[in-house]
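Chains X and C supply the protein sequences, listed in that same order. Going by full-length UniProt numbering, the first sequence opens with residue 1, and the numbers climb by one from there. Going by full-length UniProt numbering, the second sequence opens with residue 1, and the numbers climb by one from there. Every residue gets a Cβ at the ideal spot worked out from N, C-alpha and C, and that includes glycine. All remarks here apply to the structure that follows.
Number of protein chains: 2
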Amino acid sequence: MSDIKPEFYERKIDFMNKLTDFFKVLSDETRLRILILLYHKKLCVCEMCGITGESQPKISKHLAKLRDIGLVKDERQEQFIFYDLNLNEQVYKGILEKIVDNINDYPVLKSDIEKCKHAEKYLESCRR
Amino acid sequence: MSDIKPEFYERKIDFMNKLTDFFKVLSDETRLRILILLYHKKLCVCEMCGITGESQPKISKHLAKLRDIGLVKDERQEQFIFYDLNLNEQVYKGILEKIVDNINDYPVLKSDIEKCKHAEKYLESCRR
DNA sequence: TACTTATATACTCATATAAGTATATATACT
DNA sequence: AGTATATATACTTATATGAGTATATAAGTA
Numbered sequence: 001m002s003d004i005k006p007e008f009y010e011r012k013i014d015f016m017n018k019l020t021d022f023f024k025v026l027s028d029e030t031r032l033r034i035l036i037l038l039y040h041k042k043l044c045v046c047e048m049c050g051i052t053g054e055s056q057p058k059i060s061k062h063l064a065k066l067r068d069i070g071l072v073k074d075e076r077q078e079q080f081i082f083y084d085l086n087l088n089e090q091v092y093k094g095i096l097e098k099i100v101d102n103i104n105d106y107p108v109l110k111s112d113i114e115k116c117k118h119a120e121k122y123l124e125s126c127r128r
Numbered sequence: 001m002s003d004i005k006p007e008f009y010e011r012k013i014d015f016m017n018k019l020t021d022f023f024k025v026l027s028d029e030t031r032l033r034i035l036i037l038l039y040h041k042k043l044c045v046c047e048m049c050g051i052t053g054e055s056q057p058k059i060s061k062h063l064a065k066l067r068d069i070g071l072v073k074d075e076r077q078e079q080f081i082f083y084d085l086n087l088n089e090q091v092y093k094g095i096l097e098k099i100v101d102n103i104n105d106y107p108v109l110k111s112d113i114e115k116c117k118h119a120e121k122y123l124e125s126c127r128r
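Next comes the structure, spelled out in structure tokens:
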């Protein structure tokens with residue numbers, strides 16, 4: 001991923017780099033799972049850990065990348081930091097939509113989405 | 001890109017890896033340009049070099065990757081080897097389509113497409 | 001058969017990336 | 001103020017990746 005800061009993307013100068021960076025994001029399974037989850041529901045870090053079964057630093061680091069290039073935004077609510085999609089451009093939404101439309105081909109994603117319907121229950125299980 | 005051979009994809013077992021590999025393909029500007037070109041027209045290697053201005057080994061190596069994971073197929077016609085898209089699954093076509101729908105955001109791609117309308121003229125310019 | 005041309009591949013190097021483990025930070029709670 | 005908890009980051013290591021240059025291959029042509 002090119003080392004580009006959020007401010008850059010806010011100015012929206014280089015759409016092409018932004019597009020290839022978006023695809024680089026999607027080329028990692030963990031990040032793809034995170035984005036598809038957030039496409040359905042605003043979630044906190046430990047809910048994402050619980051749902052995906054991945055470690056907290058792993059999830060956090062990927063979220064940091066997504067945040068850096070402006071694809072998600074975070075917001076604290078009491079003890080938790082919730083993440084939400086931040087897709088200003090239609091292309092990106094459209095691409096995620098294509099995946100969701102074919103969700104039956106992707107059991108991992110489908111199962112994640114099922115689990116995120118009861119995301120709250122992962123809040124407790126987060127205690128280490 | 002995971003080191004997976006064409007035979008694997010033909011069996012279509014792991015759709016998820018295939019999907020992330022597809023995104024990894026698109027995350028490189030040169031490969032993205034190639035795919036968008038081939039989305040419009042069957043082209044030979046030296047036409048693609050001419051249109052994109054990239055070196056022959058660079059284009060060839062990227063084509064090899066695309067071929068290995070089954071996204072393109074090649075076919076010799078006299079002296080030239082022509083490449084063509086080989087997208088069996090709708091998701092991938094759909095994603096390329098989204099990009100083409102927003103082509104005005106991507107001047108490089110737009111210019112490539114313009115040039116590929118007179119691709120033949122790059123056949124001659126190929127001589128080194 | 002020798003020569004040219006189109007394309008593919010090998011080799012090298014520099015850089016990027018992901019993951020794990022440990023630790024820092026920041027807010028909440030007592 | 002001190003402790004627990006949620007999340008972020010630093011550090012390390014192993015691996016992957018892309019580009020350039022040189023060279024190999026394979027078909028076409030003289």
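Chain X residues whose Cβ lies nearer than 7 Å to that of residue i
{"i": "G94/C", "result": "K98"}
{"i": "L87/C", "result": "The contacting residues do not exist; L87/C stays about 13 Å from chain X at best."}
Which residues DSSP lists as bridging residue i, in chain order
{"i": "C116/C", "result": "BP columns for C116/C are empty, so no partner."}
{"i": "D74/X", "result": "Y83/X"}
{"i": "L43/C", "result": "Y83/C"}
Under 7 Å from the C-beta of residue i: neighbouring residues of chain C
{"i": "K24/X", "result": "S27"}
Amino acids of chain C, ordered along the chain, whose beta-carbon sits closer than 9 Å to that of residue i
{"i": "V91/X", "result": "K98, I99, D101, N102, D105"}
Closer than 9 Å at the beta carbon, the chain X residues around residue i
{"i": "L32/C", "result": "M16, L19, T20, F23"}
Inset, instruction - For the stretch 77–85 of chain C and the stretch 28–48 of chain C, state whether three or more C-beta atom pairs, one from each stretch, are separated by less than 8 Å. - result: yes
Inset, instruction - Take every Cβ of the stretch 54–72 of chain X, pair it with every Cβ of the stretch 105–118 of chain X, and state whether three or more of those distances are shorter than 8 Å. - result: no
Inset, instruction - For the stretch 44–60 of chain X, enumerate the residues whose C-beta is nearer than 9 Å to any C-beta of chain C, in chain order. - result: none
Legend entry - Residues, ordered as in the chain, of the stretch 104–115 of chain C that lie near chain X by beta-carbon distance below 7 Å: D105, Y106, V108
Legend entry - Touch test, the stretch 28–41 of chain C against the stretch 31–43 of chain X, Cβ-Cβ under 8 Å, three pairs minimum: no
Legend entry - Sufficient close CB pairs (3 or more, under 8 Å) joining the stretch 88–100 of chain C to the stretch 52–66 of chain C: no
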